[in-house]
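Colleague: Here the sequence shown is numbered in my numbering, starting from 64 and rising by one per residue. Structure incoming, see below.
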Amino acid sequence: MVRYALGGARHQSPSEDAMRILEQGASNLQGGGEGAAEAVSMLMLAMSTLLYRSGRREDAMEKLKATQQVAPSAAFRVAAWEALMGIRMEASQDVSSSMSPNDSVDLSIKEEEIKWSDQDHLKFRVDAIKGLAALLNGEIDSAQTLFGGPNSCYAAVGNNQTENAVFTYGEYLHCTGDFPLATQMYEKVLEAASREDISGNLLAAGNMAPEEVSLGATCSYGQLLSHSGKFDEAEDYLTRALQKAEEQFGSNHPKVGMVLTCVARMYKLKAKSEGSSSIMVQEGLYRKALEVLKAPAINSEDTRRQVDWRDIISLARVPTRCMCF
């Protein structure tokens with residue numbers, strides 16, 4: 064049911080129909096026997112993903128909060144919290160590295176006594192999101208402590224489906240300049256994402272769902288390659304990311320604009336490195352990205368209000384302004 068609803072939504076069928084399918088399934092399972100609570104939680108995670116993909120962030124976050132309240136196990140609560148934090152970060156909302164999956168519920172993840180157990184993969188996922196929040200808040204030392212170094216990540220890769228946390232660690236390494244280790248993290252995520260059964264084994268939602276993580280890792284890997292001067296490989300991976308974004312969201316979704324901005328920046332670096340005419344290519348890509356992102360005109364009234372994807376818009380806008388002078 065989940066795959067049918069989300070798959071249909073991805074191929075442009077009305078999201079209202081997909082949502083009705085999921086809601087009806089959850090209603091039928093309410094008060095059911097053994098396993099019903101897990102099934103309902105799975106459907107609620109899927110609903111939040113559908114809402115997120117439809118651009119209804121606030122509704123998606125409310126659904127994730129509701130999932131935390133009714134979820135029967137730590138695995139579901141961590142998945143809901145992880146997605147909630149991911150959407151908040153994407154929306155540039157305040158996040159704190161001290162936030163926990165659910166302060167009112169015992170997750171059996173004790174900070175003072177952690178041993179390798181069935182819950183370790185959940186703590187790894189929690190710490191990865193806390194680490195990313197710390198990084199966004201400029202708390203570098205806290206982020207480093209939360210990620211725990213490469214050994215913990217290597218132990219977790221392929222164990223209990225932690226690819227999203229490994230991707231988050233790769234982002235941290237990328238931002239802090241450890242390109243070799245970031246490369247290894249992205250490669251491990253992409254290898255795991257190539258397995259056909261990943262989406263059926265990982266409890267996740269929103270921008271932490273397997274398809275999203277695969278898209279993010281592909282785009283980030285392409286960016287890393289461009290930073291390393293490997294422009295042919297970078298172009299290959301960024302083209303793949305663009306195709307993934309268009310297939311998953313349609314050609315006019317902001318995430319397509321985000322990837323277009325990354326492609327344009329790759330051509331900018333290539334032109335600077337090789338003294339080539341790639342600079343002309345990047346101008347057109349930046350303009351297309353701004354169009355897809357629905358960026359308000361400079362100095363318009365709209366620039367005074369909160370605008371989604373404003374960081375990406377700013378990144379795409381500067382080169383095009385420079386080209387006009």
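C-beta atoms are modelled at their ideal positions from N, C-alpha and C, and glycine is treated no differently. Here the structure is a predicted model, which means the values were calculated and not measured.
Assuming S111 is part of the alpha helix (DSSP H), what are its boundary residues?
Modeller: Sequence index remark: in the sequence shown, residue 111 carries index 48 (1-based). Looking at the DSSP string, the run of the alpha helix (DSSP H) that includes S111 is 99-116.
Colleague: Starting from the C-beta of T281, find all residues in its chain whose C-beta is less than 7 Å away, skip the five residues before and the five after it, and write them out in chain order.
Modeller: Position 218 of the sequence shown, counting from 1, holds the residue named residue 281. Excluding residues within five positions, the ones whose Cβ falls inside 7 Å are L253, Y300, R303, A304, K307.
Colleague: Taking the Cβ atom as the reference point for each residue, do G233 and S283 lie within a distance shorter than 8 Å?
Modeller: Taking the sequence shown and counting its residues from 1, one reaches residue 233 at position 170. Taking the sequence shown and counting its residues from 1, one reaches residue 283 at position 220. Their beta carbons are under 8 Å apart, which means G233 touches S283 by this criterion.
Colleague: Could you give the DSSP three-state label for D80: helix, strand or coil?
Modeller: Within the sequence shown, numbered from 1, the residue matching residue 80 stands at position 17. D80 falls in the helix class under three-state DSSP.
Colleague: Rounded to a whole number of angstroms, what is the C-alpha to C-alpha distance between G201 and Q247?
Modeller: Mapped onto the sequence shown, residue 201 falls at position 138. Mapped onto the sequence shown, residue 247 falls at position 184. One C-alpha to the other measures close to 24 Å.
Colleague: Within its chain, find whatever has a CB closer than 6 Å to the CB of E174; leave out the 5 residues flanking it on each side and keep chain order.
Modeller: Position 111 of the sequence shown, counted from the start, is the residue given in the question as residue 174. With a pLDDT of 43 at E174, under the threshold of 50, the modelled position of this residue cannot be trusted; read the value that follows with caution. Once the five neighbours on either side are set aside, E174 has no close Cβ partner at all.
Colleague: Within 10 Å of its beta-carbon, does K331 have 16 or more other beta-carbons around it, so buried, or fewer, so exposed?
Modeller: As a first step, residue 331 is located in the sequence shown; it is residue number 268 there, counting from the start. Counting Cβ neighbours within 10 Å, K331 comes out buried, since at least 16 surround it.
Colleague: Given that a residue counts as buried once 16 or more other Cβ atoms are within 10 Å of its Cβ, and exposed if not, what is K335?
Modeller: Within the sequence shown, residue 335 is the residue found at index 272, counting from 1. Exposed is the call here.
Colleague: Tell me which residues share the same chain as A142 and place their Cβ nearer than 7 Å to its Cβ, disregarding the 5 neighbours each side in the sequence.
Modeller: Numbered from 1 along the sequence shown, position 79 holds the residue referred to as residue 142. Closer than 7 Å at the Cβ level, and outside the excluded window around A142, lie L108, L266, A267, A268.
Colleague: Buried or exposed: which applies to E274, given that a residue is buried once 16 or more other Cβ atoms fall within 10 Å of its Cβ?
Modeller: Along the sequence shown, one-based indexing puts residue 274 at 211. Its Cβ being crowded by 16 or more others within 10 Å, E274 is buried.
Colleague: Going straight from the alpha carbon of S159 to that of A196, what length do you get?
Modeller: Along the sequence shown, read from residue 1 onward, the residue named residue 159 stands at position 96. Along the sequence shown, read from residue 1 onward, the residue named residue 196 stands at position 133. Near 6 Å, if we compare the C-alpha coordinates of A196 and S159.
Colleague: Give every residue of the same chain whose Cβ lies closer than 7 Å to the Cβ of T112, excluding the five residues on either side of it in the sequence, and list them in chain order.
Modeller: In the sequence shown, the residue the question calls residue 112 occupies position 49. The residues are L69, A268, G269, A272.
Colleague: With DSSP collapsed to three states, give me the class of Q156.
Modeller: Mapped onto the sequence shown, residue 156 falls at position 93. Here Q156 sits in coil by DSSP.
Colleague: Note down the Cα distance separating R120 from G338, rounded to an integer number of angstroms.
Modeller: Along the sequence shown, one-based indexing puts residue 120 at 57. Along the sequence shown, one-based indexing puts residue 338 at 275. One C-alpha to the other measures close to 42 Å.
Colleague: Where in the region 272-315 do unbroken runs of the alpha helix (DSSP H), each at least 4 residues long, occur, reported from the N-terminal end onward?
Modeller: 273-290, 294-312
Colleague: Return yes when the Cβ of R188 is within less than 8 Å of the Cβ of T225, no when it is not.
Modeller: Position 162 of the sequence shown holds residue 225. Position 125 of the sequence shown holds residue 188. Taking 8 Å as the Cβ cut-off, T225 and R188 qualify as a contacting pair.
Colleague: Would you tell me roughly how many angstroms separate the C-alpha atoms of E309 and A123, rounded to the nearest one?
Modeller: Residue numbering aside, residue 309 sits at position 246 when the sequence shown is read from its first letter. Residue numbering aside, residue 123 sits at position 60 when the sequence shown is read from its first letter. The straight-line gap from Cα to Cα measures roughly 21 Å.
Colleague: Determine the burial state of N227: buried for a count of at least 16 other Cβ atoms within 10 Å of its Cβ, exposed for fewer.
Modeller: As a working note, residue 227 is residue 164 in the sequence shown. Buried: at least 16 other Cβ atoms inside 10 Å.
Colleague: Taking the beta carbon of D190 as the centre, do at least 16 other beta carbons fall within 10 Å, making it buried, or is it exposed?
Modeller: As a position in the sequence shown, residue 190 is number 127, starting the count at 1. That one is buried.
Colleague: In or out: I203 buried (at least 16 other Cβ within 10 Å) or exposed?
Modeller: Stepping through the sequence shown from its first residue, residue 203 is reached at position 140. The residue in question, I203, is exposed, as its Cβ has fewer than 16 Cβ neighbours within 10 Å.
Colleague: Compute the Euclidean distance between the alpha carbons of K178 and V229, then round it to the nearest angstrom.
Modeller: If you number the sequence shown from 1, residue 178 lands on position 115. If you number the sequence shown from 1, residue 229 lands on position 166. Unreliable positioning characterises K178 in this predicted model, as indicated by a pLDDT of 42, which lies under 50. A coordinate reading is not provided.
Colleague: Indicate whether Q345 and A327 have their beta-carbon atoms separated by less than 8 Å.
Modeller: As a working note, residue 345 is residue 282 in the sequence shown. As a working note, residue 327 is residue 264 in the sequence shown. Yes, the Cβ-Cβ distance between Q345 and A327 is below 8 Å.
Colleague: Would you check if the distance between the CB atom of L114 and the CB atom of K128 is smaller than 8 Å?
Modeller: On the sequence shown, residue 114 is found 51 positions in, with the first residue counted as 1. On the sequence shown, residue 128 is found 65 positions in, with the first residue counted as 1. Not a contact, by the Cβ cut-off of 8 Å.
Colleague: Starting from T324, follow the alpha helix (DSSP H) in both directions and report where the run begins and ends.
Modeller: Your numbering for residue 324 matches position 261 in the sequence shown. 317-337 is the span of the alpha helix (DSSP H), which, as asked, contains T324.
Colleague: Taking only the alpha-carbon atoms, compute the straight-line gap between P317 and L278 and give it to the nearest angstrom.
Modeller: The count along the sequence shown starts at 1 and reaches residue 317 at position 254. The count along the sequence shown starts at 1 and reaches residue 278 at position 215. So the two alpha carbons sit approximately 14 Å from each other.
Colleague: Let me know if Q286 comes out buried or exposed under the rule of 16 or more other beta-carbons within 10 Å of its beta-carbon.
Modeller: By 1-based counting over the sequence shown, the position of residue 286 is 223. Flag for Q286 reads buried.
Colleague: When you compare only the Cα positions, how much space is there between A81 and K333?
Modeller: Position 18 of the sequence shown, counted from the first residue, corresponds to residue 81. Position 270 of the sequence shown, counted from the first residue, corresponds to residue 333. In a straight line, the C-alpha of A81 is about 43 Å away from that of K333.
Colleague: How many Å lie between L106 and S90 at the Cα?
Modeller: Locating residue 106 in the sequence shown gives position 43, counting from the first residue. Locating residue 90 in the sequence shown gives position 27, counting from the first residue. If you take the alpha carbons of L106 and S90, they lie about 10 Å apart.
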